[in-house]
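Inspection log for the structure reproduced underneath, given as structure tokens.
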Amino acid sequence: MNGAEFVPLSLVPLLTGICVAVACALPGNFLVLRRQALIGDAISHVVLPGIVVAFLIGGTISTLPMLLGAAGAAVIAVGAIEAVRRLGRIETGAAMGVVFTTMFAGGVLLLEQSDTSSVHLDVEHALYGNLESLIWLDATGWSSLLDPQALASLPVELPRMAATLLVVTGFIVLFWRPLKISTFDEGFARTIGLRTSPLGLALVIMAAIAAVAAFDAVGSIIVIAMFICPPAAARLMTNRLEHQLAWSVGFATLAAVLGYVLAGYGPLWIGMQDSVSAAGMIATVSGLILGVTALVGPHRLRGSAAPVG
Amino acid sequence: MIGDALLLQLGYNATLVTIGATLLGMAAGVGGTFLFLRKRALVSDAISHATLPGVALAFMVMVTLGGTGRNLVGLLSGAALSAAVGLLLVSWLGTRTRLAEDAAIGSVLSVFFGFGIVLLTVIQTMSAGQQAGLEGFLLGSTAGMLRSDAMVIAVSAALTLALVLLMRRPLTLASFDPEYAVSIGQNVRRTDLAMMGLVLAVTVVGLKIVGLILIVALLIIPPVTARFWTERTDRVVMISGAVGGLSAYVGAALSAAIPAVPTGPIIVLVGFVLFALSLLVAPGRGVVSALARHRRHQRRVHLRQGLLAMAQGQPIYENMTLRLLHRQGWARPDGVPTELGRGRASRALRDESRWQVIRSDPAFEAATAQDDGLTDIETVLTADQLAEVDARIPRAEALA
Chain Z
1 MNGAEFVPLS LVPLLTGICV AVACALPGNF LVLRRQALIG DAISHVVLPG IVVAFLIGGT
61 ISTLPMLLGA AGAAVIAVGA IEAVRRLGRI ETGAAMGVVF TTMFAGGVLL LEQSDTSSVH
121 LDVEHALYGN LESLIWLDAT GWSSLLDPQA LASLPVELPR MAATLLVVTG FIVLFWRPLK
181 ISTFDEGFAR TIGLRTSPLG LALVIMAAIA AVAAFDAVGS IIVIAMFICP PAAARLMTNR
241 LEHQLAWSVG FATLAAVLGY VLAGYGPLWI GMQDSVSAAG MIATVSGLIL GVTALVGPHR
301 LRGSAAPVG
Chain W
310 MIGDALLLQL GYNATLVTIG ATLLGMAAGV GGTFLFLRKR ALVSDAISHA TLPGVALAFM
370 VMVTLGGTGR NLVGLLSGAA LSAAVGLLLV SWLGTRTRLA EDAAIGSVLS VFFGFGIVLL
430 TVIQTMSAGQ QAGLEGFLLG STAGMLRSDA MVIAVSAALT LALVLLMRRP LTLASFDPEY
490 AVSIGQNVRR TDLAMMGLVL AVTVVGLKIV GLILIVALLI IPPVTARFWT ERTDRVVMIS
550 GAVGGLSAYV GAALSAAIPA VPTGPIIVLV GFVLFALSLL VAPGRGVVSA LARHRRHQRR
610 VHLRQGLLAM AQGQPIYENM TLRLLHRQGW ARPDGVPTEL GRGRASRALR DESRWQVIRS
670 DPAFEAATAQ DDGLTDIETV LTADQLAEVD ARIPRAEALA
């Protein structure tokens with residue numbers, strides 16, 4: 001495969017996939033350690049009602065209102081989960097189950113009741129996105145990367161995802177110590193004067209930003225997979241948080257690249273004609289990675305969790 | 310039209326589906342209670358998402374064998390198989406590695422679903438078989454269902470409900486008090502397994518009606534709703550079954566009557582309405598009743614503090630206290646005590662001094678435990694004890 005073919009067709013989806021995977025896996029590390037792994041699941045479900053409401057209000061399928069709608073829905077969901085948990089004195093898991101299924105159901109119902117036949121907006125799209133469609137039309141080869149005219153037609157998802165990745169990384173670098181301390185020992189963090197609840201909320205908001213920015217390009221399912229699988233696999237590889245983050249970035253990148261390649265070219269190798277869903281394949285590969293580490297990872301057993309438990 | 314649907318007048322198929330949905334809702338409500346009580350509600354989310362690859366694989370196998378791939382029993386068997394694999398993986402990751410259960414749930418859920426999507430895109434490119442309708446498993450679709458399928462759903466929902474009811478007792482015991490269950494010789498591990506089996510059955514039967522994304526709601530919302538109304542496990546089970554049945558019945562009927570309303574979402578929304586109502590108005594645990602309790606308490610504290618201030622001749626600045634005292638007729642609007650108020654105030658002060666005496670005396674330890682700064686000491690001590698306490702109050706006669 002040469003540059004003339006690779007750059008316009010595969011470079012953008014591949015890079016976007018990597019950005020999504022890493023942007024989700026980074027906050028995912030903390031969510032997994034804090035036993036909030038399913039927050040990602042909840043957020044990615046409520047993105048659908050968010051974009052539907054934004055569409056009904058705005059009437060168009062432009063990006064900014066939809067991102068705002070999705071972000072608004074994520075914030076409402078987090079607030080509603082907390083409200084149900086406190087008002088009803090219900091454990092978090094059940095509160096999440098009540099809120100995200102209801103919001104998702106509301107989104108589906110709104111979608112079915114409103115006339116969206118003229119635009120490309122459906123449940124399947126929100127679930128598994130369309131990574132393959134991010135084609136860079138004006139690119140002719142590797143040289144296009146330096147050509148401002150060609151760069152102007154770069155699918156907007158890539159720079160948006162790259163910016164999201166930067167924001168998420170910046171947040172983690174900036175708040176590294178407080179995040180680390182409050183994740184492992186919240187009580188201690190509080191005694192040394194860290195404000196742990198705003199920090200926890202900020203982490204969830206970071207996760208929501210990553211999820212919302214990602215769903216448009218790749219759909220919800222890959223977002224959930226990337227929040228959990230690479231960090232969980234990394235957790236089985238090491239006891240040090242720094243190393244865990246590094247492993248998770250590596251695993252996320254591997255899943256994105258391998259998943260995309262397998263989805264695009266795998267079926268051709270075994271004699272089928274069409275490619276399969278890249279988002280689904282990336283999730284599958286990340287699961288396989290987790291499976292391997294669960295079988296042979298050096299720190300897969302509970303007893304090896306010496307410093308953190 | 311809606312009335313017809315609620316009265317099951319919309320034809321044989323719709324009626325069968327509605328009855329099936331109702332039975333399934335009841336089974337889900339009862340089965341979900343045990344999950345909820347064992348704090349494992351979201352395991353069902355992993356189970357339901359894990360059905361997708363099974364459905365797709367079953368379709369592919371049936372098409373390869375020369376069928377149309379639409380046989381519901383075949384598709385559901387595939388769903389049950391892959392859901393069972395997913396369930397095993399969740400418990401394997403949760404027990405054999407150091408990952409917490411939520412990470413295990415999330416990874417199985419997303420990976421199985423992702424793999425299912427891959428298989429669905431493979432199916433889209435297959436030329437044989439009638440693939441239309443597989444998406445119906447995502448969100449549930451009962452419109453235009455074959456009579457045989459409706460029959461399958463109604464019968465299997467009835468069987469699931471019977472199974473849940475049969476196993477109610479051991480499940481109740483294991484989820485309410487696992488240690489006790491073990492001590493009387495019950496195999497809790499096996500009961501847990503049975504519970505998961507039930508959840509799996511509910512999920513698989515519910516695939517066609519509610520869809521795999523939302524079936525988890527049918528297992529979570531009814532028990533959470535029921536929990537507001539009672540503190541007793543056996544009643545939670547019954548109320549939850551009723552809530553589940555009612556939501557499914559109303560939802561399925563509405564969906565049959567109104568065009569373009571998918572069954573799953575409307576059932577979930579009906580369930581949520583019941584949940585929200587319970588959250589608000591349930592006695593005891595509901596928000597309204599909690600607010601009323603809070604107001605009552607607040608009133609007592611303000612009145613008490615106001616009386617004590619009056620008895621000691623201190624001015625009262627707090628507006629709410631002034632208002633409450635005035636409304637009771639114990640003080641004028643400017644805070645000057647009335648005759649009645651003066652009497653009340655000195656009684657409050659005497660009460661306070663009596664409490665002070667017994668607080669420092671270990672002999673009254675049991676009575677002191679009821680000291681919340683509001684309770685009238687005369688409701689706690691006997692007359693003899695009070696006389697003894699009064700004798701020890703310094704200058705008691707000056708206050709009385």
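For the record, the sequence lines run as chains Z and W. All residue numbers for the first sequence refer to the numbering used here, where the first residue is 1 and numbers rise by one. All residue numbers for the second sequence refer to the numbering used here, where the first residue is 310 and numbers rise by one. The C-beta atom is built at its ideal place from N, Cα and C for all residues, glycine as well. What you are looking at is a predicted structure, and each value in this text was computed from that prediction instead of being measured.
Closer than 8 Å to chain Z by CB, residue i
| i | result |
| --- | --- |
| W:I529 | yes |
| W:L588 | yes |
| W:T342 | no |
| W:A709 | Here the model assigns W:A709 a pLDDT of 46, short of 50, so the residue's position is not dependable and the matter cannot be decided. |
| W:A565 | no |
| W:S419 | yes |
| W:F345 | yes |
| W:V545 | no |
| W:T430 | yes |
| W:L743 | Outside the displayed span of chain W (310 to 709) sits residue 743 of chain W, for which this structure offers no information. |
| W:P574 | yes |
| W:F368 | no |
| W:F422 | yes |
| W:F446 | no |
| W:T434 | yes |
One or two residues paired with residue i in a DSSP bridge
| i | result |
| --- | --- |
| W:A640 | W:P646 |
Partners in chain Z for residue i, counting only beta-carbon separations shorter than 8 Å
| i | result |
| --- | --- |
| W:F537 | G88 |
| W:P571 | V108, L109 and E112 |
| W:V427 | A263, V276, S277, G280, M281 and T284 |
| W:R594 | G88 and R89 |
| W:A365 | Those within 8 Å of W:A365 in chain Z number zero; the least Cβ separation is about 11 Å. |
| W:A526 | G97, V98, T101, T102 and A105 |
Assumed close pair residue i, residue j - CB separation to whole angstroms, cut-off 8 Å
| i | j | result |
| --- | --- | --- |
| W:L447 | W:I567 | Going by Cβ atoms, the distance from W:L447 to W:I567 rounds to 20 Å, so no, they are not a contact pair. |
| W:L509 | W:L396 | 7 Å |
| Z:S277 | Z:A294 | No, Z:S277 and Z:A294 are not in contact; Cβ-Cβ is about 24 Å, not under 8 Å. |
| Z:A25 | Z:M281 | Not confirmed; about 17 Å, so no contact. |
| Z:L127 | Z:A217 | Not a contact, Cβ separation roughly 13 Å. |
| W:A463 | W:I328 | 6 Å |
| Z:P49 | Z:G129 | Wrong, their Cβ atoms sit about 17 Å apart, outside the cutoff. |
| W:L398 | W:V372 | That belief does not hold up - the Cβ atoms of W:L398 and W:V372 are roughly 27 Å apart, past 8 Å. |
| Z:A208 | Z:L290 | The pair is not a contact, with the Cβ atoms about 23 Å apart (cut-off 8 Å). |
| W:G580 | W:L527 | 7 Å |
heavy atom of the ligand NAD below 7 Å from residue i C-beta
| i | result |
| --- | --- |
| W:I426 | The ligand NAD is not part of this structure, which contains no ligands at all. |
Min CB distance residue i to chain W below 8 Å
| i | result |
| --- | --- |
| Z:C229 | yes |
| Z:L248 | First, the residue type needs correcting, since residue 248 of chain Z is Ser and not Leu in the sequence shown. Chain W contact via Cβ: absent. |
| Z:M272 | yes |
| Z:V98 | yes |
| Z:L9 | no |
| Z:D321 | No answer is possible for residue 321 of chain Z: the residues shown for chain Z start at 1 and end at 309. |
| Z:R235 | yes |
| Z:V32 | yes |
| Z:R240 | no |
| Z:Y260 | no |
Partners in chain Z for residue i, counting only beta-carbon separations shorter than 7 Å
| i | result |
| --- | --- |
| W:S416 | I228, C229, A232, G287 and L290 |
| W:V577 | T101, T102 and A105 |
| W:F485 | Neighbours of W:F485 on chain Z: none; closest Cβ ~16 Å, over 7 Å. |
| W:F584 | V98 |
Where residue i meets chain W, residues with beta-carbon distance less than 7 Å
| i | result |
| --- | --- |
| Z:L38 | L351, D411, I414 and G415 |
| Z:E91 | K348 |
| Z:A294 | L402 and T406 |
| Z:R35 | A409 and D411 |
Contacts of residue i in chain W (Cβ-Cβ under 8 Å)
| i | result |
| --- | --- |
| Z:A73 | Within chain W, no residue comes near Z:A73; the closest Cβ sits about 16 Å away, beyond 8 Å. |
Contact set between residue i and chain W, taken where Cβ atoms lie within less than 9 Å
| i | result |
| --- | --- |
| Z:L301 | R405, T406 and R407 |
Neighbouring residues, chain Z, relative to residue i (Cβ below 9 Å)
| i | result |
| --- | --- |
| W:A463 | Ordered by position in chain Z, no residue passes the 9 Å Cβ test against W:A463, which lies about 23 Å from the chain. |
| W:L523 | T101, F104, A105 and V108 |
| W:V284 | The requested residue 284 of chain W does not occur in the structure, where chain W is confined to residues 310 to 709. |
inquiry  = Tell me whether the stretch 534-541 of chain W and the stretch 578-594 of chain W touch, counting them as touching only if at least three CB pairs, one residue from each stretch, are closer than 8 Å.
reply    = At 8 Å Cβ cutoff, the stretches touch.
inquiry  = With three or more C-beta pairs closer than 8 Å as the rule, is the stretch 322-341 of chain W touching the stretch 487-499 of chain W?
reply    = Segments in contact, no.
task = Spell out a yes or no on whether the stretch 193-205 of chain Z and the stretch 4-22 of chain Z are touching, meaning 3 or more CB-CB pairs, one atom from each, closer than 8 Å.
result = Look at the beta carbons and you see the stretch 193-205 of chain Z not touching the stretch 4-22 of chain Z: under three pairs across the two are nearer than 8 Å.
query = Would you call the stretch 249-266 of chain Z and the stretch 381-392 of chain W touching, i.e. three or more CB-CB distances under 8 Å?
reply = No, because fewer than three Cβ pairs between the stretch 249-266 of chain Z and the stretch 381-392 of chain W fall closer than 8 Å, the two stretches do not touch.
request  = Spell out a yes or no on whether the stretch 65-73 of chain Z and the stretch 90-98 of chain Z are touching, meaning 3 or more CB-CB pairs, one atom from each, closer than 8 Å.
outcome  = Because the criterion of three Cβ pairs below 8 Å is not met, the stretch 65-73 of chain Z and the stretch 90-98 of chain Z do not touch.
Stretch-stretch touch, CB-based, cutoff 8 Å, three pairs: the stretch 339-358 of chain W with the stretch 471-486 of chain W = Yes: at least three Cβ pairs fall under 8 Å.
Validate contact between the stretch 357-369 of chain W and the stretch 419-439 of chain W using beta carbons, cut 8 Å, 3 pairs = Judged by Cβ distances under 8 Å, the stretch 357-369 of chain W makes contact with the stretch 419-439 of chain W, as three or more pairs qualify.
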